[in-house]
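Written below as structure tokens is the structure these notes are about.
2 protein chains.
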Amino acid sequence: MEPRLNIVTLGVRDLAKAVAFYRYGLGWPQSSASVGDFAIFKLSTGTALALYPRRLLAADAKVKDNGGFGGVTLAQNVADKKAVDLVLSQAVTAGGVLLKSAQEAEWGGYSGYFADPDGHPWEVAWNPFFVIEKGCLQLPE
Amino acid sequence: MEPRLNIVTLGVRDLAKAVAFYRYGLGWPQSSASVGDFAIFKLSTGTALALYPRRLLAADAKVKDNGGFGGVTLAQNVADKKAVDLVLSQAVTAGGVLLKSAQEAEWGGYSGYFADPDGHPWEVAWNPFFVIEKGCLQLPE
Numbered sequence: 059m060e061p062r063l064n065i066v067t068l069g070v071r072d073l074a075k076a077v078a079f080y081r082y083g084l085g086w087p088q089s090s091a092s093v094g095d096f097a098i099f100k101l102s103t104g105t106a107l108a109l110y111p112r113r114l115l116a117a118d119a120k121v122k123d124n125g126g127f128g129g130v131t132l133a134q135n136v137a138d139k140k141a142v143d144l145v146l147s148q149a150v151t152a153g154g155v156l157l158k159s160a161q162e163a164e165w166g167g168y169s170g171y172f173a174d175p176d177g178h179p180w181e182v183a184w185n186p187f188f189v190i191e192k193g194c195l196q197l198p199e
Numbered sequence: 059m060e061p062r063l064n065i066v067t068l069g070v071r072d073l074a075k076a077v078a079f080y081r082y083g084l085g086w087p088q089s090s091a092s093v094g095d096f097a098i099f100k101l102s103t104g105t106a107l108a109l110y111p112r113r114l115l116a117a118d119a120k121v122k123d124n125g126g127f128g129g130v131t132l133a134q135n136v137a138d139k140k141a142v143d144l145v146l147s148q149a150v151t152a153g154g155v156l157l158k159s160a161q162e163a164e165w166g167g168y169s170g171y172f173a174d175p176d177g178h179p180w181e182v183a184w185n186p187f188f189v190i191e192k193g194c195l196q197l198p199e
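Each protein sequence line maps, in turn, to chains A and U. With my numbering, you'll find the first sequence wraps up at 199, consecutive numbering, no jumps. With my numbering, you'll find the second sequence wraps up at 199, consecutive numbering, no jumps.
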């Protein structure tokens with residue numbers, strides 16, 4: 059199996075509300091490949107982000123869903139501490155919920171978390187050990 | 059906030075077991091940026107995949123975790139139906155659990171799901187409406 063992740067799909071309760079958050083609140087580009095209950099966003103980092111009703115997503119994957127957090131977080135790495143504060147602020151203005159205000163992390167960086175309208179946690183982080191080029195992490199082998 | 063997703067972090071119960079699945083079972087390249095309880099894999103699609111103890115992940119994001127599915131699925135798109143069968147088979151051989159065997163999908167493609175050792179669902183899909191180049195989805199604007 060090749061080391062590839064093409065789409066991350068977030069289950070949502072209210073598709074219109076979730077699309078509004080990402081498309082209009084954050085200003086992310088929704089692709090015309092979106093169809094019906096499936097909304098997909100083209101990200102500059104390669105892997106796409108999709109939104110789909112959570113009930114249908116669980117049914118499609120044949121998994122039981124008790125609701126709540128499922129042990130997955132998404133992260134955007136930014137260039138400096140100031141950008142962490144700015145992005146968290148933008149996300150909250152767009153309708154996200156601040157889960158953790160930006161703070162010094164024990165691993166040497168600076169980060170905070172917001173939740174999207176469906177509670178999916180996004181970390182916004184500055185990591186002094188990571189190199190970012192054109193928005194993409196440049197990880198060593 | 060720029061349309062970027064740098065890292066997807068999957069919470070795991072047993073880090074060594076999860077790393078063994080992705081690194082040795084699937085053969086994915088673990089980056090030397092991995093440190094302590096944090097394992098990170100460089101994927102050819104851009105966004106990185108990280109593994110971190112689920113308990114610590116929930117605590118870091120300040121979210122309550124009741125366990126189970128959290129409304130997030132990951133997907134790998136492949137070139138044809140045969141590749142769907144092959145990748146699902148590889149994942150199961152590596153220790154994944156088949157959640158849904160490959161089948162014709164109502165949206166016109168062919169897909170199935172497996173779960174990694176921590177239950178995170180991966181869809182393996184052939185979508186005749188999506189263009190893939192060098193493993194990356196080429197989504198229209």
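Just so you know, even glycine gets a beta-carbon here, dropped at the ideal spot from N, CA and C. Nothing here was measured: the structure is a model prediction, and the numbers come from that model.
Here the alpha carbons of U/G153 and A/L101 stand approximately 31 Å from one another.
Segment contact: the segment 115-131 of chain U against the segment 122-139 of chain A, three or more CB-CB distances shorter than 8 Å; contact assigned. Collapsing the DSSP output to three states places A/L114 in a helix. Secondary structure note for U/L144: its alpha helix (DSSP H) is the uninterrupted segment 139-151. For U/V142, no Cβ of chain A is located within less than 8 Å of the residue's own Cβ.
When Cβ-Cβ separations below 8 Å define contact, U/P186 makes no contact with chain A. A/R62 and A/S90 have their C-alpha atoms spaced approximately 23 Å apart. For U/P175, the closest of U/E60, U/M59, U/P87, U/R81 by C-alpha to C-alpha distance is U/R81. Excluding five sequence positions before and after U/V66, the CB atoms of its chain that fall closer than 8 Å to its own CB belong to T105, A106, L107, A108, L132, given in chain order.
Under the Cβ criterion of 8 Å, A/F79 is not counted among the residues facing chain U. For U/Y168, not one C-beta of chain A is nearer than 8 Å to its own C-beta.
The three-state secondary structure of U/A133, taken from DSSP, is strand. Of all residues in the segment 153-164 of chain U, those with a C-beta nearer than 7 Å to a C-beta of chain A are L157, K158, reading in chain order. Contact check for U/V145 and U/V182: beta-carbon distance about 5 Å, within the 8 Å limit, so the pair qualifies. Scanning its chain for C-beta atoms nearer than 6 Å, with the 5 sequence neighbours on each side dropped, one finds around A/W86 the residues Y80, F99, in chain order.
Only residues of its own chain outside the window of five on either side were considered, and among them W184 have a CB closer than 7 Å to the CB of U/D138, listed in chain order. The three-state secondary structure of U/F79, taken from DSSP, is helix.
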